[in-house]
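Taken in order, these protein sequences are the chains called A and B.
Basically the working numbering = 1-based index in the first sequence + 4.
Basically the working numbering = 1-based index in the second sequence + 205.
A virtual CB, placed ideally from N, CA and C, is assigned to each residue, including glycine.
Keep in mind it's a predicted model, so treat the numbers as computed, not measured.
Below is one structure, written out as structure tokens, with a few remarks after it.
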Amino acid sequence: MTQAARKGAERWNLRLYVAGQTPKSITAFANLKKLCEEQLGGNYSIEVIDLLKKPQLASGDQILAIPTLVRRLPSPMKKIIGDLSNTERVLVGLDLVPKR
Amino acid sequence: MVCGAAGSGKTLLATEFLVRGATEFGERGVFMTFEESVEDLTADVASLSFDLAALIAQRKIVIDYVRVNRHEIEETGEYDLEGLFIRLDHAIKSIRAKRVVLDTIDALFTGFSNPGILRMELARLFRWLKDQGVTAVITGEQGEGTLTRHGLEEYVSDAVIVLDHRVDDQVSTRRLRIIKYRGSSHGTNEYPFLIGWSGLSVLPITALGLQHEAPLDRVSTGLDALDAMLGSQGFYRGSSILLSGGAGTGKSSLAAHFVDAACRRGERCVYFLFEESPSQYIRNMRSIGIDLEAWTKSGLLHFHAARPALLGLEQHLVAMHGAIEEVRPAVVVVDSINDLMSVGTTNAVKATLLRLIDYLKTSHVTAVFSSLTAGDAHEQTTDMGISSLMDTWILLRAVEEKGQRHRGLYVLKSRGMPHSNEVTRYTITDHGVQLVGRSPQHRTVKRTIR
Numbered sequence: 005m006t007q008a009a010r011k012g013a014e015r016w017n018l019r020l021y022v023a024g025q026t027p028k029s030i031t032a033f034a035n036l037k038k039l040c041e042e043q044l045g046g047n048y049s050i051e052v053i054d055l056l057k058k059p060q061l062a063s064g065d066q067i068l069a070i071p072t073l074v075r076r077l078p079s080p081m082k083k084i085i086g087d088l089s090n091t092e093r094v095l096v097g098l099d100l101v102p103k104r
Numbered sequence: 206m207v208c209g210a211a212g213s214g215k216t217l218l219a220t221e222f223l224v225r226g227a228t229e230f231g232e233r234g235v236f237m238t239f240e241e242s243v244e245d246l247t248a249d250v251a252s253l254s255f256d257l258a259a260l261i262a263q264r265k266i267v268i269d270y271v272r273v274n275r276h277e278i279e280e281t282g283e284y285d286l287e288g289l290f291i292r293l294d295h296a297i298k299s300i301r302a303k304r305v306v307l308d309t310i311d312a313l314f315t316g317f318s319n320p321g322i323l324r325m326e327l328a329r330l331f332r333w334l335k336d337q338g339v340t341a342v343i344t345g346e347q348g349e350g351t352l353t354r355h356g357l358e359e360y361v362s363d364a365v366i367v368l369d370h371r372v373d374d375q376v377s378t379r380r381l382r383i384i385k386y387r388g389s390s391h392g393t394n395e396y397p398f399l400i401g402w403s404g405l406s407v408l409p410i411t412a413l414g415l416q417h418e419a420p421l422d423r424v425s426t427g428l429d430a431l432d433a434m435l436g437s438q439g440f441y442r443g444s445s446i447l448l449s450g451g452a453g454t455g456k457s458s459l460a461a462h463f464v465d466a467a468c469r470r471g472e473r474c475v476y477f478l479f480e481e482s483p484s485q486y487i488r489n490m491r492s493i494g495i496d497l498e499a500w501t502k503s504g505l506l507h508f509h510a511a512r513p514a515l516l517g518l519e520q521h522l523v524a525m526h527g528a529i530e531e532v533r534p535a536v537v538v539v540d541s542i543n544d545l546m547s548v549g550t551t552n553a554v555k556a557t558l559l560r561l562i563d564y565l566k567t568s569h570v571t572a573v574f575s576s577l578t579a580g581d582a583h584e585q586t587t588d589m590g591i592s593s594l595m596d597t598w599i600l601l602r603a604v605e606e607k608g609q610r611h612r613g614l615y616v617l618k619s620r621g622m623p624h625s626n627e628v629t630r631y632t633i634t635d636h637g638v639q640l641v642g643r644s645p646q647h648r649t650v651k652r653t654i655r
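Shown next as structure tokens:
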């Protein structure tokens, strides 16, 4: 399956783990939103999980670093940490461009 | 902070800290493991009689397995480890834990590529743990020439323990050393420890002062004639007795008399055998009319037999200590200390015996040590090293006289009592050791002057 085909075929399910409204998490969300619009069209959903409110969810996805972005779908699961300001690395991390 | 190389017992120490806290001190604990899954950890410590699964079910311990895998993580900008704090905080609050273990924190360095962030976050973590009012044991890998590979001991201000596992002369010994313990005067030596079925056991530390009480009551040696030579009353309870002599002079037989007498008084005994098996020893003693088997059956007499080379010196000491703790005897026999000599250097053996004797004295256990001397000429010098530790020293020697070989017994010293200065002849008969010398009563009364 090619990248393009997968992109078209599956709806992206993303989860962004944050801990409160910190500058880093706000930046991360803004970066993510922008990137998804550019790369995925409307074919995605973002779920923001605030661990300050739901700490019990941290162990499920093995969250240590904040912010962490988890690509739940398409599989395999991918994990990206940081405020997503390095767009190139985010694209690599999400398998949107082949790794060099 | 507990640091040490792989296999030095860090995880075990940390686990025991939590298990004991939960079972004995009513303090619940959080175990954050970075290396082993909950299942692996539970299985590993099950062999040590720690039932983690039950403690988890009772909500006394919470284990959070933190899996760090760099291949899964792409770093794309600024981040911190708030997730770790949140998980820890959640776990602590969920059971109101007082104890926390982080094992092994170095795993984080393999997971995240930015050491700057990591160091900052770890320093923050250690401060945070302190603010939570929990006692935290953090384990770290030993580094080359440094205590920990990542210099983490710099962030931990309270206590640093180093574990070490080394092999000398094919004998492995585990050692523990407290590098720093703020606000306390701690021992600075390396203390050997063992990992046994009930967890970690550190040796009894040498009593810093000689403050044990000296009991005044006396116990029979099992031979009236020998009692008579020792001020008519036998040994002091809680004293250390050295029986030295050449091969075949009846050291073990004399010890058997003492053990037999103690068992008759209803006292428990532990007999450490390093040369023969208990059944062989029992058989040999039966041939001279001492039935020890009855005492083993009634539970008064416990044998511990081990080849000396099987264990290191410290391990012997720990094993002996363990046996003594278990049986709580009034009498202990070590037959013989030469076998321990073969395991370590004279100095090490002396230090080991000193620790054992200190421990026995504080517990008011009467201890008999047998020592094989090489030849008649050297019998006093070979025991020189250890004789100062002993309260009573009985020499057994072969005396040649008119073409016949006799056995002679001599009390070389006996602190705190008048004793005979006579070489008393004795024979070993089928009803025990018989002293046949001239009646010692007439020639006693001389105090040992040291």
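Under the three-state DSSP convention, the category residue i falls into
i                     : result
residue 400 (chain B) : strand
residue 26 (chain A)  : coil
residue 100 (chain A) : coil
residue 467 (chain B) : helix
residue 78 (chain A)  : coil
residue 413 (chain B) : At residue 413 (chain B) the pLDDT is 48, less than 50, meaning the model places this residue with poor confidence; the figure from the coordinates comes in the next sentence. Three-state DSSP puts residue 413 (chain B) in coil, outside helix and strand.
residue 347 (chain B) : coil
residue 279 (chain B) : strand
residue 639 (chain B) : strand
residue 71 (chain A)  : coil
residue 420 (chain B) : coil
residue 365 (chain B) : strand
residue 406 (chain B) : strand
residue 441 (chain B) : strand
residue 21 (chain A)  : strand
residue 381 (chain B) : strand
residue 216 (chain B) : helix
residue 460 (chain B) : helix
Residue i versus the options, residue with shortest Cα-Cα distance
i                     : options                       : result
residue 26 (chain A)  : B:303, B:352, B:285 and B:596 : B:285
residue 449 (chain B) : B:310, B:356 and B:614        : B:614
residue 67 (chain A)  : A:77, A:80, A:78 and A:53     : A:53
residue 557 (chain B) : B:539, B:264 and B:364        : B:539
residue 632 (chain B) : B:431, B:528 and B:470        : B:431
residue 87 (chain A)  : B:293, B:294 and B:281        : B:281
residue 596 (chain B) : B:606, B:639 and B:570        : B:570
residue 576 (chain B) : B:350, B:606 and B:452        : B:452
residue 263 (chain B) : B:250, B:276 and B:234        : B:234
residue 628 (chain B) : B:635, B:427, B:604 and B:622 : B:604
residue 34 (chain A)  : A:69, A:61 and A:73           : A:73
residue 177 (chain B) : B:239, B:436 and B:598        : With chain B covering 206 to 655 only, the question about residue 177 (chain B) has no answer from this structure.
Chain-ordered neighbours of residue i on chain A, where CB pairs are closer than 9 Å
i                     : result
residue 272 (chain B) : 66
residue 562 (chain B) : Correct list: empty, because the minimum Cβ distance to chain A is about 52 Å.
residue 295 (chain B) : 55, 59, 60, 62 and 63
Under 8 Å from the C-beta of residue i: neighbouring residues of chain A
i                     : result
residue 238 (chain B) : Simply none; closest approach about 12 Å.
residue 288 (chain B) : 21, 23, 55, 62, 67, 68, 69, 70 and 72
residue 292 (chain B) : 59, 62, 63, 67 and 68
residue 269 (chain B) : 63
Where residue i meets chain B, residues with beta-carbon distance less than 9 Å
i                    : result
residue 87 (chain A) : 281, 282, 283 and 284
residue 93 (chain A) : 279, 280, 281 and 282
residue 50 (chain A) : The premise fails here: residue 50 (chain A) is roughly 16 Å from chain B at the closest Cβ pair, so nothing lies under 9 Å.
Host beta strand (DSSP E) of residue i (start-end)
i                     : result
residue 611 (chain B) : 609-619
residue 83 (chain A)  : 82-85
residue 448 (chain B) : 445-450
residue 631 (chain B) : 629-634
residue 600 (chain B) : 597-606
residue 393 (chain B) : That residue, residue 393 (chain B), is in no beta strand (DSSP E); it is neither H nor E in DSSP.
residue 576 (chain B) : 571-577
residue 509 (chain B) : 506-510
residue 209 (chain B) : 207-209
Run of the alpha helix (DSSP H) containing residue i, from where it starts to where it stops
i                     : result
residue 54 (chain A)  : Here residue 54 (chain A) belongs to no alpha helix (DSSP H); instead the beta strand (DSSP E) covers 48-54.
residue 433 (chain B) : 429-434
Neighbouring residues, chain B, relative to residue i (Cβ below 7 Å)
i                    : result
residue 97 (chain A) : 279 and 281
residue 90 (chain A) : 281 and 282
residue 84 (chain A) : 279 and 281
Short CB-CB distance (under 7 Å) between residue i and chain D
i                    : result
residue 37 (chain A) : Looking for chain D here will not work: the only protein chains present are A and B.
Quick check for students: name the residue ranges of the alpha helix (DSSP H) that lie wholly in the stretch 222-269 of chain B, counting only runs of 4 or more. 243-251 and 257-262
Residue ranges of each alpha helix (DSSP H) within the stretch 477-503 of chain B, 4 or longer: 483-492 and 498-502
Which runs of the alpha helix (DSSP H), 4 residues or longer, sit entirely within the stretch 286-335 of chain B? 287-300 and 312-316
What runs of the beta strand (DSSP E), each 3 residues or longer, lie entirely inside the stretch 515-541 of chain B? 536-540
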